[in-house]
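Protein chains in written order, with the working numbering: chain U, 7 to 329; chain P, 4 to 451; chain L, 779 to 1118. Yeah, the Cβ is synthetic: ideal placement off N, Cα and C, and Gly gets one too. Small disclaimer: the values here were computed from a predicted structure and weren't measured.
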Amino acid sequence: MADKMLLRIEDLLLHFRAGAGVVQAVDGVNLELNYHRAVVILGESGCGKTSLAKAILRMLPRNVHAYSGKVFVEGKDTMALDDEEFRQNVRWVAMSLVPQAAMNSLNPVLKVGEQVAEPAIIHLGVSKQEALEMGRKMFQHVGISVDFLDRYPFELSGGMRQRVAIAMALITSPNLVVLDEPTSALDVLTQANIFNVLKRIKKDLGVSFILITHDIATSSELADDVAVMYAGQIVETGDAMRFFTEPLHPYSKKLMASVPRLRQTSELEFITGQPPSLINPPTGCRFAARCVSRFEKCDQEPPVFQRQGRTVKCWLYEHENGS
Amino acid sequence: MNTIKKAFSSLLQYPSAIAGLIVVLVLIIASIYVVITIPYSTAISLWRGGEEVWYKNPKYAPPAWFNNFTEKKLAESFSMTSADPDVVREVIPGDKGTSRINLTYTFDYDFDVFPQEMLLYFNSTFESKQPFVSIVLITPDQREIRVSDFGVANKVTYRFSQDEKLIRRLGGVSPVEGLFANLDAEGPLVPVKGTYQLVLKGVTFEEGSDIDAEFVFHGQVYGLAGTDHARRDLTLPLMWGIPVALAFGLIASLGTSVLTMIIAAIGAWYGGWVDELIQRITEVNLVLPFLPILIMVGTFYSRSIWVILGATILLSIFTASIKSYRAIFLQTRESTYIEAARAYGASDARIIFLYLIPRMIPLLIPGLVSSVPAFVFLEASLAVLGLGDPVLPTWGKIINDAQNNGALYKGYYYWILEPAVLLMVTGLGFAMLGFALDRIFNPRLRGM
Amino acid sequence: MTAETITSEVITEQKKRDVLISIKNLHVWFELRRWGFGHAGYVRAVDNVTFDVQRGEAIAVVGESGCGKSSLMKTILALYRPTKGEILFDGKDISKMSAAEMRWYRGQVGYVQQDPYGALPPFMTVERILEEPLIVGGVKDKAEREARVYKVMEEVKMSPVSDFLKKFPHMLSGGQQQRVVIARAMIMEPRFLVADEPVSMLDASVRVEILKLLRGLQEQHDLSVMYITHDLSTVSYFSERIFVMYAGKLVEKSGVHDILHNASHPYTNALLAGTSDPDANNALSYKEVPPGEPPSLVNPPPGCRFHPRCSRMIPGLCEIEEPPEFEIEPRHQTSCWLYK
């Protein structure tokens, strides 16, 4: 039942105008996410994953060429709302965002406690006193000592600032938080720490996450489900357990084979060639040019095939249609 | 090369940039044309002027196209010599070496206002006996008015308006009015329109003696740009003002930007006392008043445009832009490609000139173009203040002359407006181009 | 002394000893100044570091940001001066080299940087970028420079070469940019390559390609490589020995297999535990992470620098006395009192 889903995205499309043409950054994305779950959107740089986050939260740049599709949040189509309604009822209230490099985008002249309280004042309309109190609680959730409330961003380490950014996203108690590359510039131990924090929040607060990342190894720390994005499209979705052991799409397989593992010395693989330009993507399967399993049919755009609760956008699975 | 092409093609997407580009190109082409057609020495001597150069022109005459905007047409200026097709010269030889020389100057008078002055410049040759000439004007209504008659010395200038006898004969009316008006008509004097003939009947008394005369008609309007108090054609300073203004603006802007950039780069790269010194000099210079110093240089040292240019560049190097360049250089200094260059052993000079400065060129170009107008205006301002180059014809000098002669008070608006409009168009052209370039080269402004 | 005579001397010396570069008691301290003058202490970025790199050997220096690994690297690249200690390249102290010797040394050491886009001057073509070290290195003949640019481009598998020479960095993909960076590091035919997180900014699929390229170059040219990273998962594909760095000190030195399977230092173990393999089971448990953060290098804690975060700290010892280097196995040293 669709209404039971926390988030359901249908045919979401976001195209930008650029000097050389129209960039099809998000091109017909379908995605579902249930309550208390985390989905990882895996993709390499330039595949449109950050644009997908922006499309979901309707944080659009000026040069939008086309923006359409349906985004149901808790059964309600948010695309039908106008900008003001969306701002009041959805953004930060139903779902919030931890943007890329959030730890470097904190206001340098404002105490972090006030910054964390800010979304609560704006979106929930609570008094500053209450908001600060909520911020204090949120600091405990993300594992920062409350002594840090009165500090300025430059007085905190990168990991701490990232936690502050996460606290800012959580203070309005949204059911869904979109994390865009939350740990990419952080050290190993700090990364592990942040993922511990996210796991705890997911368990304690029942928040759902969309984790957008290119880092396959660390993404497994949080993933319940995985969606693989390639050239503006989702090519595979499924549960993490089966994805990490047996990916379906040839792209996912290659990607998994390229991930170095700590104590394994098997030969690593890489994908030859480059992803297609999003300005004039090839017709048919967009991965075909780099795919080792390519055959004639790949000239046509593959539909999405269902396979035991997983989906894959590849002609190889046409005749293996499971339930 | 490719980036330049790209920048150019994206430049053409801004209508204001196209307009600016056209203005700048037209100015550049005009300056090249001017410098070729009116060489520097000619321009200088013309501008120094004097009666012998500019005798043909009226004083304080607005441009001829002024007539398009007035109901009463003002008389246009012209001059005629015997070589002109409208001048008929007859030589009838007589006895004993005498001859009669008739010169007929035919001209149309279609104006509602009387001219300023009419002159005849005689040029005669003789051994001992002066030739004799009598002047007659035939009006459109076929009246024949005797103007004057006299013996012609080698070079004689006859001024119609100063011929007392003629004035008396016309009943006390100034000849420039009386000759063209119907004195019998009622009311204020109005010029009679039509074709006039000025006839000089000359007699020479010697073999080889000759008379020739140039008829100069000082109207109320003149040429494309009008004239000033010294009868100088204003097209000269307006045209010559283009290369001077462009040269001053571009050299000052280029010199300032490039030197500022190099000095900022050196300071940022070496740091330490070098940087400190540059910063302190800048701070001192920032509090020094710019224009008064230039005025002092102009007053006590030299008003040559090169000296002023040099002083302008020197004073403009150490300004706030050195601080902003420095800030960017300090950032660029830390970039990893410079670290790589140091690791393979590039020298300091190499890093400054081949690695640091090229990074800033995209920022330099729009700034350079946008700051041209400021320098053009500065040169004009100095000229207006009477500190312009003493020999060069420039826009500022025109305004200065106009101001000294009370142009606005006396209603000679063209005198001030012409250079002012050129200054504004130049400024606007460079500014529009500069802003567009800024958008192209400065990625933060892109998409706005 | 000309570069040629130095080289021939070096080659004879090389046959006697196998060590290419030797770091001895290296200290790199930066003076902190208050208000621009007056002494306010030191940042002890590198504090008494000693190790050797043999000819043809790849070593990895692993540590978190701010542990001093960048300062160590830049000192080896002669971008910083050592405060104390020495760096011997072929037995020659680099801080005592003449200008000519220094020029030779800079040609002997190649530098591969982390962020390929930032590492390439955006206003130069690939050809120009690769020619620069040759010009600086005194290769005056244009034809020779061109030939060497071609050769190195082939080596980094940027072919057909002529397709890339006239391009600017922003026209290349991340992987291609990193190949140009590697080509620039290789163009002077160095014997020692310093690679600072060469793949951390690249996508997973490209990362392997670049790692394999570096590995191939290392084997082909018998290069010594110093690989600097914070990511333990790639080291086994690239290096034979690993030095773990924490707060300016090397806390564990060992072969790659020993580190991965038999790590001794508690900090090394924490790093290993913090590194994820792609495994869905990761989501089911929390990671064990030592509390707190790395110390300030201005006022490092007394004794063992890791002791405030260490779960196996021995009270009365670790916080008082700095642990010396214990050899727990041949070629496996650790600076931890647990192995006394």
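Between the alpha carbons of U:V104 and L:R822, how many angstroms are there, rounded? One C-alpha to the other measures close to 35 Å.
Could you name the residues of the stretch 337-355 of chain P whose beta carbon sits closer than 9 Å to any beta carbon of chain L, in the order they occur along the chain? Across the stretch 337-355 of chain P, CB contacts with chain L closer than 9 Å involve S338, T339, Y340, I341, E342, A343, A344, R345, A346, Y347, G348, A349, S350, R353, in sequence order along the chain.
Check whether the Cβ of L:L804 lies closer than 8 Å to any Cβ atom in chain U. Contacts with chain U at 8 Å (Cβ-Cβ) do not include L:L804.
Chain P contacts made by the stretch 872-897 of chain L, where a contact means CB separation under 8 Å: Those residues of the stretch 872-897 of chain L placed with their C-beta closer than 8 Å to a C-beta in chain P are M880, R881, R884, G885, V887, Y889, Q891, Q892, D893, G896, A897, ordered along the chain.
Exposed or buried, U:M65, counting other C-beta atoms within 10 Å across all chains shown (16 or more means buried)? By the Cβ neighbour-count rule, U:M65 is exposed, with fewer than 16 other Cβ atoms within 10 Å of its own.
Can you name, in chain order, every residue of its own chain whose Cβ lies under 8 Å from the Cβ of L:R811, other than the five neighbours on each side? Correct list, in chain order: H817, A818.
Per DSSP, which one or two residues make a beta bridge with P:N105? For P:N105, which the question treats as bridged, DSSP gives the partners P:E93, P:K204.
What number of angstroms, rounded off, separates the C-alpha of P:I368 from the C-alpha of P:S19? In this structure, the straight-line span from the alpha carbon of P:I368 to that of P:S19 is close to 17 Å.
Exposed unless 16 or more other CB atoms sit within 10 angstroms - verdict on U:A107: U:A107 should be labelled exposed.
Name the DSSP bridge partner or partners of U:S102? U:S102 is bridged to U:V183.
Taking the C-alpha atoms as reference points, what is the distance between U:T266 and U:D221? The sequence given here has Pro at residue 266 of chain U, not Thr. Each residue's alpha carbon lies about 11 Å from the other.
Output the distance between the C-alpha atoms of P:T315 and P:S85, rounded to the nearest integer angstrom. Roughly 52 Å separates the two Cα atoms.
L:G888 and L:M966 - do their beta-carbons sit closer together than 8 Å? Between L:M966 and L:G888, the gap from beta carbon to beta carbon is short of 8 Å.
C-beta neighbour in chain L for U:F154, strict 8 Å: Judged by the 8 Å Cβ criterion, U:F154 is not in contact with chain L.
Would you kindly work out how many angstroms separate the C-alpha atoms of P:G450 and P:Q16, rounded to a whole number? Model confidence at P:G450 stands at a pLDDT of 42, short of 50, so the residue's coordinates are unreliable; what they give is reported in the following sentence. Computed Cα separation, rounded: 12 Å.
Give the interface partners of P:Y358 over in chain L, defined as CB-CB distance under 7 Å, in chain order. What P:Y358 touches in chain L, judged by beta-carbon distance under 7 Å, is P899, going in chain order.
My assumption, with CB atoms under 8 Å, is that L:S937 sits in contact with L:L866. Please give the rounded CB distance. Cβ-Cβ separation between L:S937 and L:L866: approximately 38 Å, too far for a contact (criterion under 8 Å).
Applying the 10 Å Cβ sphere with the 16-neighbour rule, what's the burial state of L:H1008? Counting C-beta atoms within 10 angstroms of its own C-beta, L:H1008 has 16 or more neighbours from the protein chains shown and is therefore classed as buried.
Do you know offhand how far P:F356's Cα is from L:E909's? In a straight line, the C-alpha of P:F356 is about 16 Å away from that of L:E909.
With a threshold of 7 Å on Cβ separation, who are the neighbours of U:S111 within its own chain once the five nearest residues in sequence on each side are excluded? The residues P105, in chain order, have a CB closer than 7 Å to that of U:S111 in the same chain once the five nearest residues on each side in sequence are set aside.
Please say whether P:T107 and P:A248 have beta carbons closer to each other than 8 Å? Contact: no.
At which residues does the alpha helix (DSSP H) containing P:Q282 begin and terminate? According to the DSSP assignment, P:Q282 belongs to the alpha helix (DSSP H) that extends over 275-290.
Beta-carbon spacing of P:S384, P:S256 below 8 Å: With contacts defined as CB atoms closer than 8 Å, P:S384 and P:S256 fail to qualify as a contacting pair.
Members of the stretch 214-241 of chain U that neighbour chain L once the beta carbon cut-off is set at 9 Å: Residues of the stretch 214-241 of chain U with a C-beta atom less than 9 Å from some C-beta of chain L are H220, D221, I222, A223, T224, S225, S226, E227, L228, A229, D230, V232, listed in chain order.
Using a Cβ cut-off of 9 Å, pull out every chain L residue sitting near P:R362, in sequence order please. What P:R362 touches in chain L, judged by beta-carbon distance under 9 Å, is P899, P900, F901, going in chain order.
Where does U:Q197 fall in DSSP's three states? Of the three classes helix, strand and coil, the one that applies to U:Q197 here is helix, per DSSP.
Distance, P:L318 Cα to P:F378 Cα: If I take the Cα positions, the gap works out to 12 Å.
U:K143, enclosing alpha helix (DSSP H) - first and last residue: Start and end: 134-147.
Take every Cβ of the stretch 205-220 of chain P, pair it with every Cβ of the stretch 264-280 of chain P, and state whether three or more of those distances are shorter than 8 Å. Flag = no, the stretch 205-220 of chain P and the stretch 264-280 of chain P do not touch.
If you reduce the DSSP assignment to three classes, tell me which class L:K793 lands in. Because L:K793 sits at a pLDDT of 46, beneath the cut-off of 50, its placement in the model cannot be relied upon, and the following sentence gives the value as read from the coordinates. If DSSP states are grouped into helix, strand and coil, L:K793 belongs with the helices.
Buried or exposed (CB count within 10 angstroms, at least 16 for buried), L:R1109: It is exposed - the Cβ of L:R1109 has fewer than 16 other Cβ atoms within 10 Å.
Nearest-angstrom Cα separation, counted from U:K10 out to U:C53: So the alpha carbons of these two residues sit roughly 30 Å apart.
Among the candidates L:V1076, L:K870, L:M851, whose CA atom is the shortest distance from the CA of L:Y1005? For the options L:V1076, L:K870, L:M851, the alpha carbon positioned closest to that of L:Y1005 is the one of L:M851.
Mind reading off the beta-carbon distance from P:L30 to P:I245? Whole number of angstroms is fine, and I expect it under 8 Å. About 6 Å separates the Cβ atoms of P:L30 and P:I245, confirming a contact at the 8 Å cut-off.
With a threshold of 8 Å between beta-carbons, can P:R449 be considered close to chain L, or not? Any answer about P:R449 is weak, because its pLDDT of 48 lies below 50 and its placement is not dependable; what the coordinates show is given next. For P:R449, the answer is no, since every Cβ of chain L falls outside 8 Å of its Cβ.
At the 8 Å Cβ level, is L:D1057 part of the contact set with chain U, yes or no? Interface residue, yes.
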